[in-house]
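Engineer: What the sequence shown shows, in the working numbering, is residues 126 to 430, in sequence order.
C-beta: ideal position from N, C-alpha, C; glycine also.
The structure displayed is predicted, hence computed values, not measured ones.
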Amino acid sequence: MTRHALLPHAPCRPCLRPAVAPITTAGALLAALLAPGCGGGGAGADARGGIDADPSAVADASMGGGADAAGALCAGAGLLFCEDFEQLPLGPASSTTWRTEASAGELSIDATHARGARALRVTTTGNGRGRLLVDGLAPAGDALFGVAHLWVTAFPTAPAYAHFTLVELAGAGDGTLVRPVGGQQAPASGADPTGAFWGVGSDGGPTGDWTDWRRSAPAQAGRWVCVEFELVSSTAEVHVWLDGEAQPDLDVSRTRHGGNPVDLVLPAVDRAWFGWWLYQANPTPGTFEVWLDDLALGPTRLGCQ
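Shown next as structure tokens:
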């Protein structure tokens, strides 16, 4: 079954709650109700807050540990890049450690959806784009890991096979761009409904323009999703985790990918971008709104804090 479409486009841990003593007073009950919940995306659905959680806060708390978790992520040793947006002022996105680029899009620091106090908001119109670009990366080993926490208001429902990218890496080599975080809209097929699905992709190199989407990995809007990835240079492998769960269906390698029948060769990564880019014109919906938070790249798996 074909898993991609070559369409023209613009140039292009488990949550461990501390033991608690029995609640014996009204004051203790109030304190318990106000205590922060156990976040963490690594455990999947069970880690997204209990039935006691305030319904209005559950969606933003999903996969989140708040500012403390964000700070812990960026305090990790050996990171090549980390951004939690907590120290940046609200308003137009700007930093001394990264730059922005947009076409029919805007980037801002916003508090509407954030795992801490603020996050990066990207808004685009049509097949516009908004990107946070990181330069000067120098991975030392064979493996490069990354993580991005994403809140997408809506994924494209048209045109058929519209594809999108949220993370891309590039560097010296044969021109291959690696898109470990992205996906594609797919029409209904038999009993399979239409929808948007996650898939690793590429463009610019000998394997061509492809997105190896899988129906086993539906892209869910309206909540935080933690996406982790690993690139292994020697074998051209790309691995993906969603909310801490491995997604072997999304794995690609030198000879298993969605492009032309030639070997995939990963670039010597020296730059990356995080954001939103939908490639097809006149999509539905006509505008897109995405929040990104707690972004990092490093030599070991970073997890969903």
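Measuring alpha carbon to alpha carbon, tell me which of 264, 291, 248, 256 ends up nearest residue 353.
Structural biologist: Numbered from 1 along the sequence shown, position 228 holds the residue referred to as residue 353. The residue with the shortest Cα to Cα distance from residue 353 is 291.
Engineer: When the distance is taken between beta carbons, is residue 424 closer than 8 angstroms to residue 271?
Structural biologist: The count along the sequence shown starts at 1 and reaches residue 271 at position 146. The count along the sequence shown starts at 1 and reaches residue 424 at position 299. No, the pair does not count as a contact, with Cβ atoms beyond the cut-off.
Engineer: State the start and end residues of the unbroken beta strand (DSSP E) segment that holds residue 213.
Structural biologist: Counting from one through the sequence shown, the residue named residue 213 turns up at place 88. Looking at the DSSP string, residue 213 is not in any beta strand (DSSP E), and its letter there is neither H nor E.
Engineer: Less than 8 angstroms between the CB atoms is what I'm expecting for residue 213 and residue 243, so what's the real figure, rounded?
Structural biologist: In the sequence shown, residue 213 corresponds to position 88, counting from 1. In the sequence shown, residue 243 corresponds to position 118, counting from 1. Going by Cβ atoms, the distance from residue 213 to residue 243 rounds to 7 angstroms, so yes, they are a contact pair.
Engineer: Does DSSP put residue 284 in a helix, in a strand, or in coil?
Structural biologist: Mapped onto the sequence shown, residue 284 falls at position 159. Three-state DSSP puts residue 284 in coil, outside helix and strand.
Engineer: Residue 304 bridges to which residues according to DSSP?
Structural biologist: As a first step, residue 304 must be located in the sequence shown, where it is residue number 179. Its beta-bridge partners are 326.
Engineer: What is the rounded straight-line gap between the Cα of residue 286 and the Cα of residue 211?
Structural biologist: Taking the first residue of the sequence shown as 1, we reach residue 286 at position 161. Taking the first residue of the sequence shown as 1, we reach residue 211 at position 86. For residue 286 and residue 211, the distance between alpha carbons rounds to 36 angstroms.
Engineer: Cβ atoms of residue 216 and residue 401: under 8 angstroms apart, would you say?
Structural biologist: As a position in the sequence shown, residue 401 is number 276, starting the count at 1. As a position in the sequence shown, residue 216 is number 91, starting the count at 1. Against a cut-off of 8 angstroms, the Cβ pair of residue 216 and residue 401 comes out as no contact.
Engineer: Please check the pair residue 294 and residue 397, which I expect to be a contact at CB under 8 angstroms, by giving their CB distance rounded to whole angstroms.
Structural biologist: If you number the sequence shown from 1, residue 294 lands on position 169. If you number the sequence shown from 1, residue 397 lands on position 272. Cβ atoms of residue 294 and residue 397 come within 8 angstroms of each other, at about 5 angstroms.
Engineer: Quick one: is residue 365 buried, meaning 16 or more other Cβ sit within 10 Å of its Cβ, or exposed?
Structural biologist: Working through the sequence shown from its first residue, we reach residue 365 at position 240. It is buried - the Cβ of residue 365 has at least 16 other Cβ atoms within 10 Å.
Engineer: Inspect the beta-carbon positions of residue 327 and residue 389 and report whether they are closer than 8 angstroms.
Structural biologist: The residue given as residue 327 occupies position 202 in the sequence shown. The residue given as residue 389 occupies position 264 in the sequence shown. Yes, the pair counts as a contact, with Cβ atoms nearer than the cut-off.
Engineer: Rounded to a whole number of angstroms, what is the C-alpha to C-alpha distance between residue 277 and residue 331?
Structural biologist: Translated into the one-based positions of the sequence shown, residue 277 becomes position 152. Translated into the one-based positions of the sequence shown, residue 331 becomes position 206. Spanning the two alpha carbons is a distance of roughly 31 angstroms.
Engineer: Answer with buried or exposed for residue 419, where buried requires no fewer than 16 other C-beta atoms within 10 angstroms of its C-beta.
Structural biologist: Position 294 of the sequence shown, counting from 1, holds the residue named residue 419. With 16 or more Cβ atoms within 10 Å of its Cβ, residue 419 is classed as buried.
Engineer: So what's residue 434 in DSSP terms, helix, strand or just coil?
Structural biologist: What the structure shows of the chain is the stretch from 126 to 430, and residue 434 is not part of that stretch, so it cannot be assessed.
Engineer: Hey, how far is the Cα of residue 235 from the Cα of residue 253?
Structural biologist: Translated into positions along the sequence shown, residue 235 becomes position 110. Translated into positions along the sequence shown, residue 253 becomes position 128. In a straight line, the C-alpha of residue 235 is about 20 angstroms away from that of residue 253.
Engineer: Rounding to the nearest angstrom, what Cα-Cα distance links residue 407 and residue 334 in this structure?
Structural biologist: Here residue 407 corresponds to residue number 282 of the sequence shown, with the count starting at 1. Here residue 334 corresponds to residue number 209 of the sequence shown, with the count starting at 1. Rounded to the nearest angstrom, the two C-alpha atoms are 20 angstroms apart.
Engineer: Return the Cβ separation of residue 360 and residue 379 in integer angstroms, given the expectation that the two are a contact with Cβ distance under 8 angstroms.
Structural biologist: Position 235 of the sequence shown, counted from the start, is the residue given in the question as residue 360. Position 254 of the sequence shown, counted from the start, is the residue given in the question as residue 379. Sure, about 6 angstroms apart at Cβ, within 8 angstroms.
Engineer: Could you check where the beta strand (DSSP E) with residue 343 kicks off and where it finishes?
Structural biologist: For the purposes of this step, residue 343 is identified with residue 218 of the sequence shown, where counting begins at 1. 335 to 343 is the span of the beta strand (DSSP E), which, as asked, contains residue 343.
Engineer: Give the single residue among 375, 414, 343, 218 whose Cα lies nearest to the Cα of residue 304.
Structural biologist: Looking up residue 304 in the sequence shown gives position 179. Of the candidates 375, 414, 343, 218, 375 places its Cα closest to the Cα of residue 304.
Engineer: According to DSSP, is residue 317 part of a helix, a strand, or is it coil?
Structural biologist: As a working mapping, residue 317 is identified with position 192 in the sequence shown. DSSP places residue 317 in strand when its eight states are reduced to three.
Engineer: What separation, rounded to the nearest whole angstrom, lies between the Cα atoms of residue 308 and residue 288?
Structural biologist: Taking the sequence shown and counting its residues from 1, the one referred to as residue 308 is at position 183. Taking the sequence shown and counting its residues from 1, the one referred to as residue 288 is at position 163. The straight-line gap from Cα to Cα measures roughly 6 angstroms.
Engineer: I need the straight-line Cα distance from residue 230 to residue 247, nearest angstrom please.
Structural biologist: Taking the sequence shown and counting its residues from 1, one reaches residue 230 at position 105. Taking the sequence shown and counting its residues from 1, one reaches residue 247 at position 122. Near 7 angstroms, if we compare the C-alpha coordinates of residue 247 and residue 230.
Engineer: Within the stretch 368 to 405, note down every full beta strand (DSSP E) run reaching 3 residues or more, in order along the chain.
Structural biologist: 393 to 403
Engineer: Run the proximity test for residue 212: is its beta-carbon closer than 7 angstroms to any non-hydrogen atom belonging to the ligand SAH?
Structural biologist: Among the ligands in the structure shown, none appear at all, so the ligand SAH cannot be discussed.
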